[in-house]
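Numbering of the sequence shown is given in the numbering used here, commencing with residue 59 and proceeding in unit increments.
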Amino acid sequence: MPHAHASERKKKIIRPARQKNRLLARCEHGLLRGVVFFFQTLPFPLAFRLGETIGRLLYWLDRPHRRVGLTNLALAFPDKKPAERTRILRDSWLNLGRLMAEFCHLHTLTPDTIAERVCFADRDQWHGLVEKYRHTGALILTGHFGNWELLAHAHACYGFPVHIIHRRLRNPFVDDLIVAQRRLSGNAVIRKTTAGMEVFRAIRNKGVVVAAVDQNASGRMGVFVPFFGHQASTSTGLAGLALATNVPVIPAFLVREQGSWRHRVVILPPVEPVRTGDQAADLEATTAKFTAVFQRVVEQYPDHWLWIHKRWKRRPPGEASLYS
Numbered sequence: 059m060p061h062a063h064a065s066e067r068k069k070k071i072i073r074p075a076r077q078k079n080r081l082l083a084r085c086e087h088g089l090l091r092g093v094v095f096f097f098q099t100l101p102f103p104l105a106f107r108l109g110e111t112i113g114r115l116l117y118w119l120d121r122p123h124r125r126v127g128l129t130n131l132a133l134a135f136p137d138k139k140p141a142e143r144t145r146i147l148r149d150s151w152l153n154l155g156r157l158m159a160e161f162c163h164l165h166t167l168t169p170d171t172i173a174e175r176v177c178f179a180d181r182d183q184w185h186g187l188v189e190k191y192r193h194t195g196a197l198i199l200t201g202h203f204g205n206w207e208l209l210a211h212a213h214a215c216y217g218f219p220v221h222i223i224h225r226r227l228r229n230p231f232v233d234d235l236i237v238a239q240r241r242l243s244g245n246a247v248i249r250k251t252t253a254g255m256e257v258f259r260a261i262r263n264k265g266v267v268v269a270a271v272d273q274n275a276s277g278r279m280g281v282f283v284p285f286f287g288h289q290a291s292t293s294t295g296l297a298g299l300a301l302a303t304n305v306p307v308i309p310a311f312l313v314r315e316q317g318s319w320r321h322r323v324v325i326l327p328p329v330e331p332v333r334t335g336d337q338a339a340d341l342e343a344t345t346a347k348f349t350a351v352f353q354r355v356v357e358q359y360p361d362h363w364l365w366i367h368k369r370w371k372r373r374p375p376g377e378a379s380l381y382s
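Structural data, given as C-alpha cells:
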C-alpha cells in the first residue's frame, strides 16, 4: 500500500508538469503569432524601425545573451578594443531586430516586388551559376548571417526555390509557424532528423540544398575544427553531402546595405571538398575548409553574425567551458 500511495503521488506530480509544458508551448506560440500579426498590420518602414528599437532594447535587457556575445567576440577578435567589440554586438542585435520585422513581411515579397529589397552583387555571375548547375543540382554553404531567412525566400522569388535543412525547434507550434513561413515562396523544408534520404532525393531531382555551417554541433555528427583560432564543434553534414554527391558547394550570403532594408546576394566561388580516400580525414578537412570560408565572411561583416549563439559550447576532451 505505501508503494501504491507513492505511485499515486508520483503521477500527480508528473501529469501537471506535462500539461504545463504544453501550455507554455501554446503560450509562446500565441505570443509569437500576436507579434507577427502586429508587425504585419504596420507599414513596412514603421515595422522596420520598430524592429530596430526592439533590437536595441534586447541588447540592454538580455544580459545573459549579451554576456555570451561579448565572450564570443573576445575569443574571435582579441586584438579589438572592448568598445569595438561592444559596437559589433550592439549592431548584431540591431540586425536581429530588423530581421524580425522583415520576417513578418516576407509575404509581401513576390517575384514582382523582390527586386525592391534584394539584388545580386553580380547578377551575371548568378545567372552563370544557375545555368551551369541547372542539370546537376548544388549545395549552398551559408549560416545564420545577415537575414538568412530572406536569402532563401529571395532565391525562390527569383525563380529557383531551394531545399532548406531545418533543425526542429523545441516548441512544435512555433516550429510549425517558422516552417510555414519558409515554405511561403515555394521553398521546401527538410527536417534534420530525416535529412539524409531527402537531401539525396532533392539532389537526384537537380535541386539546390541550403545548409548552415556555423552552429555548435553536439553528439557524433560534430568534429572539432578551427574557427577564429579556437576549436569549434561543427557538423560534418555538408561535408558528407559534398563528398557523397559530387555536386558543387557554393557559398552564398545576404549582405545588408548600410543598415537599410536593401540587401545584396554575395556569391563566392565554389569550394572543392578534400578527397584523399580517408573518409574520416576528408570529412574533417572539408568541414574545416567550409568553416574557414564562413569565417572570412564574418570577418568582413562581423555585425551580420549571430554572436549570441554559444558557438564554442562543446569543448574538446579535457578543456574547460568557455561560458561561465
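Each residue gets a CB set at the ideal place from its N, CA and C atoms; glycine is no exception.
Checklist entry - Should the segment 200-216 be called in touch with the segment 351-361, which here means at least 3 C-beta pairs below 8 Å? => result Enough Cβ pairs lie closer than 8 Å, so yes.
Checklist entry - Rounded to a whole number of angstroms, what is the C-alpha to C-alpha distance between Pro219 and Ser379? => result C-alpha separation (whole angstroms): 40 Å.
Checklist entry - Can His221 and Arg249 be called in contact, C-beta distance under 8 Å? => result no
Next on the checklist: One question on the structure: do Leu227 and Leu90 come within less than 8 Å of each other, judged by their Cβ atoms?
Outcome noted: no
Checklist entry - Can at least three beta-carbon pairs, one atom from the segment 308-325 and one from the segment 181-190, be found at a separation below 8 Å? => result yes
Next on the checklist: For the pair the segment 360-375 and the segment 269-288, tell me if three or more CB-CB distances fall below 8 Å.
Outcome noted: yes
Checklist entry - With distances taken from CA atoms, which of Gly195, Ser291, Pro230, Asp272 is nearest Phe258? => result Ranking Gly195, Ser291, Pro230, Asp272 by Cα distance to Phe258 puts Gly195 first.
Item to check | Ser150: first and last residue of the uninterrupted alpha helix (DSSP H) it sits in | outcome: 140-162
Checklist entry - What are the complete alpha helix (DSSP H) segments, minimum 4 residues, inside the segment 225-264? => result 230-240, 253-262
Checklist entry - Near Pro331, what residues of its chain come up, given a Cβ to Cβ distance below 6 Å and the 5 sequence neighbours on each side ignored? => result Once the five neighbours on either side are set aside, the close Cβ partners of Pro331 are Ala300, Leu301, Thr344.
Item to check | Alpha-carbon spacing of Phe282 relative to Thr99, whole angstroms | outcome: Taking the straight line joining both Cα atoms gives about 45 Å.
Next on the checklist: Taking the alpha-carbon of Glu174 as reference, which of Gly254, Arg145, His321 has the nearest alpha-carbon?
Outcome noted: His321
Item to check | Of the residues Leu208, Ala179, Pro230, the one placed nearest Glu86, counting alpha carbons only | outcome: The residue with the shortest Cα to Cα distance from Glu86 is Pro230.
Checklist entry - Under the three-state reduction of DSSP, which class applies to Asn274: helix, strand or coil? => result strand
Item to check | Where the beta strand (DSSP E) through His288 begins and ends | outcome: 288-293
Item to check | Rounded separation between Phe352 and Asp272 - CA only | outcome: 8 Å
Checklist entry - From Gln77 to Val232, what does the alpha carbon distance come to, in whole angstroms? => result Residue confidence for Gln77 is low, a pLDDT of 37 falling below 50, so the modelled location carries little weight; the figure read from the coordinates is stated next. Taking the straight line joining both Cα atoms gives about 17 Å.
Checklist entry - Helix or strand or just coil, what does DSSP make of Leu380? => result Coil, per DSSP.
Checklist entry - Going along the chain, which unbroken runs of the beta strand (DSSP E) with 3 or more residues stay wholly within the segment 162-186? => result 176-178
Checklist entry - Can you tell which of Thr129, Leu157, Leu82 has its C-alpha closest to the C-alpha of Pro103? => result Leu157
Item to check | Three-state class that DSSP yields for Trp319 in the structure shown | outcome: coil
Checklist entry - So, is Tyr216 buried or exposed, given that buried needs 16 or more other C-beta atoms within 10 angstroms? => result buried
Next on the checklist: Taking the alpha carbon of His211 as the reference point, which residue from Leu242, Leu154, Val188 has its own alpha carbon closest?
Outcome noted: Leu242
Checklist entry - Which one of Ser318, Tyr191, Ile366 has the shortest CA to CA distance from Asn263? => result Tyr191
Item to check | Where the alpha helix (DSSP H) containing Pro327 begins and where it ends | outcome: Counting along the chain, Pro327 falls outside any alpha helix (DSSP H), and DSSP gives it neither H nor E.
Next on the checklist: Could you compute how far the alpha carbon of Gln256 sits from the alpha carbon of Gly376?
Outcome noted: According to the sequence as given, residue 256 is Glu; it is not Gln. Near 37 Å, if we compare the C-alpha coordinates of Gly376 and Glu256.
Next on the checklist: Let's see if you can read the secondary structure: which residues bound the alpha helix (DSSP H) around Gly92?
Outcome noted: 60-99
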